[in-house]
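Notes for the one structure printed next.
Protein chains: 2
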Amino acid sequence: MRKVAVIGAGMIRFGELLDKGIKEMLQEVYLNVNKSVDNGIDPSDIQAAWFGEYYETDGMPAGVLADSIGLLDIPITRVENACATGNEAVRNAFFAVSGGFYDVVLVVGAEKMRDSSTGATLWKMPTKTRDIAWDFPVGIPGPGNFALHVRRHMHEFGTTREQMALVAVKNHKNGMKEPHAQFHFEVTVEEVLKAPMVVYPFGLLDCCPQTDGAAALILCSEDKVDRFTKRPVWIAGVGNGLDYVMHAHKNFLPSFPATVKAAKTAYKMAGIEPEDIDVAEIHDCFTGTEIINYEDLGFCDRGQGGKFIERGESTISGRIPCNPSGGLKCKGHPIGATGVAQCCEIYWQLRGDANNQVDGALYGLAHNIGGPTAISCVTILRRSK
Amino acid sequence: MRKVAVIGAGMIRFGELLDKGIKEMLQEVYLNVNKSVDNGIDPSDIQAAWFGEYYETDGMPAGVLADSIGLLDIPITRVENACATGNEAVRNAFFAVSGGFYDVVLVVGAEKMRDSSTGATLWKMPTKTRDIAWDFPVGIPGPGNFALHVRRHMHEFGTTREQMALVAVKNHKNGMKEPHAQFHFEVTVEEVLKAPMVVYPFGLLDCCPQTDGAAALILCSEDKVDRFTKRPVWIAGVGNGLDYVMHAHKNFLPSFPATVKAAKTAYKMAGIEPEDIDVAEIHDCFTGTEIINYEDLGFCDRGQGGKFIERGESTISGRIPCNPSGGLKCKGHPIGATGVAQCCEIYWQLRGDANNQVDGALYGLAHNIGGPTAISCVTILRRSK
Numbered sequence: 001m002r003k004v005a006v007i008g009a010g011m012i013r014f015g016e017l018l019d020k021g022i023k024e025m026l027q028e029v030y031l032n033v034n035k036s037v038d039n040g041i042d043p044s045d046i047q048a049a050w051f052g053e054y055y056e057t058d059g060m061p062a063g064v065l066a067d068s069i070g071l072l073d074i075p076i077t078r079v080e081n082a083c084a085t086g087n088e089a090v091r092n093a094f095f096a097v098s099g100g101f102y103d104v105v106l107v108v109g110a111e112k113m114r115d116s117s118t119g120a121t122l123w124k125m126p127t128k129t130r131d132i133a134w135d136f137p138v139g140i141p142g143p144g145n146f147a148l149h150v151r152r153h154m155h156e157f158g159t160t161r162e163q164m165a166l167v168a169v170k171n172h173k174n175g176m177k178e179p180h181a182q183f184h185f186e187v188t189v190e191e192v193l194k195a196p197m198v199v200y201p202f203g204l205l206d207c208c209p210q211t212d213g214a215a216a217l218i219l220c221s222e223d224k225v226d227r228f229t230k231r232p233v234w235i236a237g238v239g240n241g242l243d244y245v246m247h248a249h250k251n252f253l254p255s256f257p258a259t260v261k262a263a264k265t266a267y268k269m270a271g272i273e274p275e276d277i278d279v280a281e282i283h284d285c286f287t288g289t290e291i292i293n294y295e296d297l298g299f300c301d302r303g304q305g306g307k308f309i310e311r312g313e314s315t316i317s318g319r320i321p322c323n324p325s326g327g328l329k330c331k332g333h334p335i336g337a338t339g340v341a342q343c344c345e346i347y348w349q350l351r352g353d354a355n356n357q358v359d360g361a362l363y364g365l366a367h368n369i370g371g372p373t374a375i376s377c378v379t380i381l382r383r384s385k
Numbered sequence: 386m387r388k389v390a391v392i393g394a395g396m397i398r399f400g401e402l403l404d405k406g407i408k409e410m411l412q413e414v415y416l417n418v419n420k421s422v423d424n425g426i427d428p429s430d431i432q433a434a435w436f437g438e439y440y441e442t443d444g445m446p447a448g449v450l451a452d453s454i455g456l457l458d459i460p461i462t463r464v465e466n467a468c469a470t471g472n473e474a475v476r477n478a479f480f481a482v483s484g485g486f487y488d489v490v491l492v493v494g495a496e497k498m499r500d501s502s503t504g505a506t507l508w509k510m511p512t513k514t515r516d517i518a519w520d521f522p523v524g525i526p527g528p529g530n531f532a533l534h535v536r537r538h539m540h541e542f543g544t545t546r547e548q549m550a551l552v553a554v555k556n557h558k559n560g561m562k563e564p565h566a567q568f569h570f571e572v573t574v575e576e577v578l579k580a581p582m583v584v585y586p587f588g589l590l591d592c593c594p595q596t597d598g599a600a601a602l603i604l605c606s607e608d609k610v611d612r613f614t615k616r617p618v619w620i621a622g623v624g625n626g627l628d629y630v631m632h633a634h635k636n637f638l639p640s641f642p643a644t645v646k647a648a649k650t651a652y653k654m655a656g657i658e659p660e661d662i663d664v665a666e667i668h669d670c671f672t673g674t675e676i677i678n679y680e681d682l683g684f685c686d687r688g689q690g691g692k693f694i695e696r697g698e699s700t701i702s703g704r705i706p707c708n709p710s711g712g713l714k715c716k717g718h719p720i721g722a723t724g725v726a727q728c729c730e731i732y733w734q735l736r737g738d739a740n741n742q743v744d745g746a747l748y749g750l751a752h753n754i755g756g757p758t759a760i761s762c763v764t765i766l767r768r769s770k
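Residue numbers (our numbering), protein chains in the order written: chain A, 1 to 385; chain B, 386 to 770.
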């Protein structure tokens, strides 16, 4: 095993990008990630790529990426794991570089969710992300799926809609400084509580948007890093965890066991504990999800997530700042891109280059929870000491 | 990097499995692969899995696999690369084991193509496997896509429909002995030539069927192999190659450059030349595709593929027996399972356990070419000397 560094990170602005197809988005993000490498990089330096895309927007994902950015002479693998697709792509690329098969690889995540060539997007989202033979027909698409968990969390631990609203307030505030964010407006607790109900306990402002977006990283083996940068950020740990697909099988709803498993693996690989995390980008597809994440990731005890946000422990100046980029809630959630974009933000944070900078962060964590809360991927990055 | 062995291989019978859902198929293949391990294996030995599935038949692939076979405490990654999905899953699992991250992992490929919970199959196949913004609207789904290449091969090199028919004759003959094959009937050159035309030069009997099926492998690091078997088969090389997605960009149609790139990488990793291959399972989605494969894989010179089959060099007793299992043409083509099943056959061949045994084979090769002829993955296996 070799150490693997992130040496470049690039994004495009997330949003409803009706003026861009997925190919233009891929080209733009590829230019941005290449430009981000301190000492420059040539396309010929890139030896392989992993592509996280969920919707096959323009057809065959690996081929569309290769064609769009002109990288036809390297292997490209598409990985998919529902909303954890982005961090899963990072994980598989990491294995191949650490294992010694490649020195410099590209990780791209991209998604076109607001429009697509086939109009396939609308029906694909709910069907691909859960069990369509059992769960979907009984009415458990995305929001209802997560609502079951959060409603039970409220019941068990007295978590309130006001506490959830604080997540939206925090993440929208953070997103104001993030140029890549889909939304640039703040919200108040009152506005969140008064927003039209989507599925209890989630009002419209408790839900992240569906977003077009792309993000990319360049990973490099330890022995080649010096050529590209003096300020690499290291991949300290990766994890992937699963849970039952069907909600009928889940026996403790106020948690996402997939997150617990993924995080445990990543912490162990990094040789650290949750309290060592200095900044985190965590999967706030719904406000209540972020509260459960605090607990599953070990940032606070079980049942204390509501108090954690109430005490401001996840704000920029708090104990473990969460979603300084604005998170999915404000920056947006282009599925395949989301986890990759989280790693971009953590990379910038650990280099001191972030828009909402957390001072002196050493370890940062990126986290996805997705599908029928059945899959989580976690990536832990570490600054060069 | 550590050496990685295949220590188990299992399949289910391929076919139109209207009596089984994808979950039953996954359960059956998992039992079969576990039973195949010489000294036995316990589910707790398996540390991670890679799943090649193309259609998301019952929804979220990794979750459906975990749920179906009860492996909820290990990471599962879904990879997809059009018709190369199976060998791509093997390749990514290989990286993680060789890199030292896991000792024992499961690779599963499965596909339900004859029916699905959503009926999504029919329209998904042509859209996901090519560029739907450009190629698909001008009428280039699967058969027409490959026909463009084969028609040009006929024009350039005088390849004939009779030579292509010989591929069907050989593979159907081989498939007679293969209990997992979808078809158990032989065909004659005359029957192939007289079959209804699908798209010139492919008649119905030049085309592989669409198939339900599943296949699985267990991979193991070199230091743990002895516990499971005295007859491991080693992964000697893996490769992934791409080509332009759009046919308008392809400048030499009588070849699949993706195959040439994937094979070059795999041969180099294995430290061998094409002539070292003793048995091969190659992607005969159409008879003419197999002829081009002979050339792209280096089994014969460019333009000599027709003569290669005419001289019987790819028959069981020939110089490089190709598709002893019956190939896609006769055994069937359940997309995600196909490459994994090819590796099962090569594993059995190299252990001397195959139904159509090639004597004394040392090296075997598995090959997929897919999408708009834009992606190829190749796996080379080697017998323990």
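The beta-carbon is built from N, C-alpha and C at its ideal position, and this holds for glycine as well.
Whose C-beta lies closer than 6 Å to the C-beta of residue i among residues of the same chain, with five residues either side of it excluded?
| i | result |
| --- | --- |
| aspartate 276 (chain A) | Tyr363 |
| glycine 400 (chain B) | Gln567 |
| tryptophan 134 (chain A) | Met246 |
| lysine 635 (chain B) | Tyr629 |
I'd like to know whether the C-beta atoms of residue i and residue j end up nearer to each other than 8 Å.
| i | j | result |
| --- | --- | --- |
| glutamine 432 (chain B) | valine 492 (chain B) | no |
| threonine 470 (chain B) | glycine 712 (chain B) | no |
| glutamine 349 (chain A) | glutamine 342 (chain A) | no |
| valine 414 (chain B) | proline 617 (chain B) | no |
| proline 324 (chain A) | glutamate 345 (chain A) | yes |
| valine 449 (chain B) | valine 245 (chain A) | yes |
| glycine 332 (chain A) | alanine 82 (chain A) | no |
| alanine 746 (chain B) | aspartate 663 (chain B) | yes |
| valine 187 (chain A) | glycine 288 (chain A) | no |
| glycine 52 (chain A) | glycine 109 (chain A) | yes |
| alanine 165 (chain A) | leucine 193 (chain A) | yes |
| glutamine 595 (chain B) | arginine 736 (chain B) | no |
Roughly how many angstroms lie between the CA atoms of residue i and residue j, to the nearest whole one?
| i | j | result |
| --- | --- | --- |
| proline 141 (chain A) | arginine 612 (chain B) | 45 Å |
| leucine 297 (chain A) | valine 97 (chain A) | 26 Å |
| glutamate 24 (chain A) | proline 201 (chain A) | 38 Å |
| glycine 306 (chain A) | isoleucine 316 (chain A) | 17 Å |
| glycine 504 (chain B) | tryptophan 234 (chain A) | Caution is warranted here: a pLDDT of 46 is assigned to glycine 504 (chain B), below 50, making its placement in the model unreliable, and no coordinate value can be reported. |
| alanine 93 (chain A) | glutamine 163 (chain A) | 37 Å |
| lysine 112 (chain A) | glycine 697 (chain B) | 49 Å |
| glycine 724 (chain B) | arginine 302 (chain A) | 44 Å |
| serine 610 (chain B) | leucine 766 (chain B) | According to the sequence provided, residue 610 (chain B) is valine. The question's serine does not apply to it. Cα to Cα, valine 610 (chain B) sits roughly 15 Å from leucine 766 (chain B). |
| proline 719 (chain B) | alanine 474 (chain B) | 14 Å |
| serine 769 (chain B) | glycine 656 (chain B) | 15 Å |
| arginine 398 (chain B) | alanine 739 (chain B) | 15 Å |
| arginine 537 (chain B) | leucine 638 (chain B) | 6 Å |
| valine 389 (chain B) | methionine 654 (chain B) | 13 Å |
| leucine 26 (chain A) | asparagine 472 (chain B) | 26 Å |
| serine 421 (chain B) | glycine 393 (chain B) | 5 Å |
| isoleucine 677 (chain B) | serine 640 (chain B) | 6 Å |
| leucine 456 (chain B) | proline 428 (chain B) | 8 Å |
With a threshold of 7 Å on Cβ separation, who are the neighbours of residue i within its own chain once the five nearest residues in sequence on each side are excluded?
| i | result |
| --- | --- |
| alanine 647 (chain B) | Gly624, Asn625, Gly626, Ser761, Cys762, Val763 |
| asparagine 424 (chain B) | Arg612, Phe613, Thr614 |
| methionine 582 (chain B) | Gly588 |
| phenylalanine 308 (chain A) | Tyr294, Phe299, Cys300, Ser314 |
| isoleucine 459 (chain B) | Ile431, Gln432, Ala433, Ala434 |
Heavy atom of the ligand MG less than 7 Å from the Cβ of residue i, yes or no?
| i | result |
| --- | --- |
| leucine 219 (chain A) | In the structure shown, the ligand MG is absent, as is every other ligand, since no ligand is present at all. |
What residues from the segment 617-637 of chain B come within 8 Å of chain A, judged by C-beta to C-beta, listed N to C? Residues are counted here when their Cβ sits less than 8 Å from a Cβ of chain A; for the segment 617-637 of chain B these are Gly624, Asn625, Gly626, Leu627, Asp628, Tyr629, Val630, Met631, His634, given in chain order.
May I ask you to list, following chain order, the residues of the segment 464-482 of chain B that have a beta carbon less than 7 Å from some beta carbon of chain A? Val464, Glu465, Asn466, Ala467, Glu473, Asn477, Phe480, Ala481
Chain B contacts from the segment 5-35 of chain A (Cβ-Cβ distance under 9 Å): Gly21, Ile22, Lys23
Can you list, in chain order, the stretches of the beta strand (DSSP E) that have 3 or more residues and sit fully within the segment 90-168 of chain A? 104-111
Ignoring anything shorter than 4 residues, give me the alpha helix (DSSP H) runs that lie fully in the segment 425-483 of chain B, in order along the chain. 446-454, 470-483
Taking any Cβ of chain C, which residues in the segment 55-68 of chain A have a Cβ under 8 Å from it, in chain order? Included in the structure are the protein chains A and B, with no chain C among them.
Jot down the residue ranges of each uninterrupted beta strand (DSSP E) in the segment 619-679 of chain B, minimum 3 residues, whole runs only, in chain order. If we require 3 residues or more, the beta strand (DSSP E) runs fully inside the segment 619-679 of chain B come out as 664-666.
Can you check the segment 323-369 of chain A for any alpha helix (DSSP H) of at least 4 residues that lies completely inside it and give the ranges in chain order? DSSP assignment within the segment 323-369 of chain A yields the following whole alpha helix (DSSP H) runs of 4 residues or more, N-terminal first: 327-331, 335-351.
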